[in-house]
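Residue numbers 64 to 344, in my numbering, belong to the letters of the sequence shown in order. The structure appears right after this line, and notes come after that.
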Amino acid sequence: MIHISIYEKRASLEKGVTMQVRLGIISNAGGSGKSTLAVHLAYAIAQYKYKVALMDLDPQGSLTLFCGLSPPEPIDTLSAVLKEDFTGNWPLISCWKDNTDYVSACQGGMTLTQTADQLVLHKRGAYLLEDCLSDYPLSQELVIFDCPATLGPLVLIALTACTHLLIPVQVEPKSIQGAARLLEWYYFHCRYLRLNPYPEILGFVPNQYNKNRAAHRQILTALPQQLESMKISTFPAIRESAEFVNASGMGLPLHLYRPAHRANKDFTPIVSSLLKLIKEN
Ligand SMILES: Nc1ncnc2c1ncn2[C@@H]1O[C@H](COP(=O)(O)OP(=O)(O)OP(=O)(O)O)[C@@H](O)[C@H]1O
Ligand SMILES: [Mg+2]
Numbered sequence: 064m065i066h067i068s069i070y071e072k073r074a075s076l077e078k079g080v081t082m083q084v085r086l087g088i089i090s091n092a093g094g095s096g097k098s099t100l101a102v103h104l105a106y107a108i109a110q111y112k113y114k115v116a117l118m119d120l121d122p123q124g125s126l127t128l129f130c131g132l133s134p135p136e137p138i139d140t141l142s143a144v145l146k147e148d149f150t151g152n153w154p155l156i157s158c159w160k161d162n163t164d165y166v167s168a169c170q171g172g173m174t175l176t177q178t179a180d181q182l183v184l185h186k187r188g189a190y191l192l193e194d195c196l197s198d199y200p201l202s203q204e205l206v207i208f209d210c211p212a213t214l215g216p217l218v219l220i221a222l223t224a225c226t227h228l229l230i231p232v233q234v235e236p237k238s239i240q241g242a243a244r245l246l247e248w249y250y251f252h253c254r255y256l257r258l259n260p261y262p263e264i265l266g267f268v269p270n271q272y273n274k275n276r277a278a279h280r281q282i283l284t285a286l287p288q289q290l291e292s293m294k295i296s297t298f299p300a301i302r303e304s305a306e307f308v309n310a311s312g313m314g315l316p317l318h319l320y321r322p323a324h325r326a327n328k329d330f331t332p333i334v335s336s337l338l339k340l341i342k343e344n
């Protein structure tokens, strides 16, 4: 596999060069399911024998908990990657050890708050992660960026580095307004940062859906209609289940915690889309 910069994407497609899929998971709402989606998609894609790198861009460092990892030293986090003296030794650590080494994580944590401040002052601030991935390519077929909810410098470095985006939204009234604001942010920054091409929005993912709630059913009808007018897809919803919280507390994806749980299948349409992209690339 040859790894190339997002800026070379169009040229490379014309030449038929293969590419790594880099998926940014963003949303402007806390608790919408970004980390949950990141972890479950990574696990599911790895079942197809593709390697996945999970990158935690969040100072909360949720992936440490969700992947059953120990809290990292600052030198073993994404902060170290974004330093001037980084020489390509990606601090990737294998997730769910007794399962496979197909998923590895570059952990986040509080040091990312300092990193965010430094990014603002850095001449190539918004492009630093993209620069690292170009200069020191990773061999994984899929790289997933788990972003913080605040649309600041740490989300911008994911925006410039990713090829595709997924946007989880909780099924609640404010999500529709929030979705419109997020799209404004996306178009503004893609234009401002001169991304060419813009990372493709694979779709919105309604999360924590409870079909017994009338409000949820109503929103699940309204959201796709609104997005469709902007030619943006909506994936089928991920159902609400307390088992997601239990699984993450154990540091496992639901697939490993409750292999027969019906919610495991809710990820299938997104997994299929990603597999298609990986194979195309
Ligand atoms: N479908 C679901 N049903 C029930 N609980 C869920 C579901 N999806 C996620 N959760 C739980 O909701 C909480 C928030 O999810 P998660 O941490 O993935 O959101 P996030 O968008 O990453 O949040 P943050 O903005 O804080 O990073 C977690 O406790 C998670 O286990
Ligand atoms: Mg999170």
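Think of the CB as a built atom: it goes at the ideal place given N, C-alpha and C, for glycine as much as any other residue. Because the structure is a prediction, the values reported are computed rather than measured.
Identify every residue that forms a DSSP beta bridge with residue i.
i: residue 87; result: 208, 228
i: residue 169; result: 118
i: residue 156; result: 168
i: residue 150; result: Answer by DSSP bridge pairing: none, since residue 150 is not bridged.
i: residue 297; result: 267
i: residue 302; result: 272
Looking only at its chain, what residues have a beta carbon closer than 7 Å to the beta carbon of residue i, apart from the 5 residues adjacent to it on each side?
i: residue 315; result: 131, 159
i: residue 262; result: 87, 222, 225, 226, 227, 228
i: residue 328; result: none
i: residue 350; result: For the chain, the structure presents residues 64 to 344; residue 350 sits outside this window and is missing.
i: residue 104; result: 207, 330, 333, 334, 337
i: residue 317; result: 103, 306, 307, 310, 324, 326, 327
i: residue 303; result: 271, 272, 273
Leaving aside the five residues before and after residue i along the sequence, list all residues of the same chain whose C-beta is less than 8 Å from its C-beta, in chain order.
i: residue 242; result: 230, 232, 267, 286, 289, 290
i: residue 73; result: The predicted model places residue 73 with a pLDDT of 44, which falls under 50 and marks its position as unreliable, so this point remains unresolved.
i: residue 248; result: 91, 214
i: residue 319; result: 106, 159, 162, 310
i: residue 236; result: 278, 282
i: residue 253; result: 222, 261, 262
Looking only at C-alpha atoms, which of the options sits nearest to residue i?
i: residue 201; options: 88, 118, 218, 171; result: 118
i: residue 164; options: 106, 124, 129; result: 106
i: residue 203; options: 305, 319, 108, 143; result: 108
i: residue 258; options: 221, 183, 329; result: 221
i: residue 348; options: 338, 85, 332, 337; result: In the structure displayed, the chain extends from 64 to 344; residue 348 sits before or after that span and is not available.
i: residue 273; options: 186, 197, 142, 305; result: 305
i: residue 151; options: 110, 139, 195; result: 195
i: residue 178; options: 256, 284, 140, 90; result: 140
i: residue 90; options: 254, 331, 210; result: 210
i: residue 123; options: 135, 115, 113; result: 135
i: residue 280; options: 301, 125, 171; result: 301
i: residue 313; options: 97, 94, 102, 219; result: 102
i: residue 199; options: 213, 323, 145; result: 145
i: residue 148; options: 191, 297, 283; result: 191
i: residue 265; options: 325, 193, 298, 256; result: 298
i: residue 325; options: 307, 197, 116, 127; result: 307
i: residue 322; options: 176, 110, 94; result: 110
i: residue 205; options: 253, 98, 115, 339; result: 115
i: residue 99; options: 133, 339, 309; result: 309
i: residue 278; options: 251, 254, 238, 252; result: 238
i: residue 168; options: 112, 125, 184; result: 125
i: residue 339; options: 113, 185, 275; result: 113
i: residue 293; options: 250, 254, 172, 344; result: 250
i: residue 93; options: 255, 212, 276; result: 212
i: residue 155; options: 127, 184, 180; result: 127
i: residue 171; options: 295, 255, 133; result: 133
Looking only at its chain, what residues have a beta carbon closer than 6 Å to the beta carbon of residue i, apart from the 5 residues adjacent to it on each side?
i: residue 311; result: 129
i: residue 77; result: In this predicted model, residue 77 has a pLDDT of only 45, less than 50, meaning its place in the structure is not dependable enough to derive any value.
i: residue 182; result: 188, 216
i: residue 245; result: 91
i: residue 282; result: 234
i: residue 71; result: Unreliable placement is indicated for residue 71, whose pLDDT of 49 sits below 50; the coordinate value is still reported in the next sentence. Closer than 6 Å at Cβ, skipping near neighbours: no residue.
i: residue 219; result: 189
i: residue 96; result: 231, 270
i: residue 342; result: none
Check whether the Cβ of residue i lies closer than 7 Å to any heavy atom of ligand 3, and answer yes or no.
i: residue 302; result: The model depicted lacks ligand 3 and carries ligand 1 and ligand 2 instead.
Residue i CB to nearest chain D CB: under 8 Å?
i: residue 220; result: Although the question refers to chain D, the structure presented lacks it and comprises just one protein chain.
- Task: List in chain order the residues whose CB is within less than 5 Å of at least one heavy atom of ligand 2.
- Result: 97, 98, 125
- Item | Runs of beta strand (DSSP E) wholly within the segment 82-143 (minimum 3 residues, chain order) | Secondary structure remark: continuous beta strand (DSSP E) runs of at least 3 residues inside the segment 82-143, in chain order: 84-88, 115-119.
- Message: Threshold first: 4 residues or longer. Then list the alpha helix (DSSP H) segments lying entirely within the segment 212-284, N to C.
- Response: 216-224, 237-255
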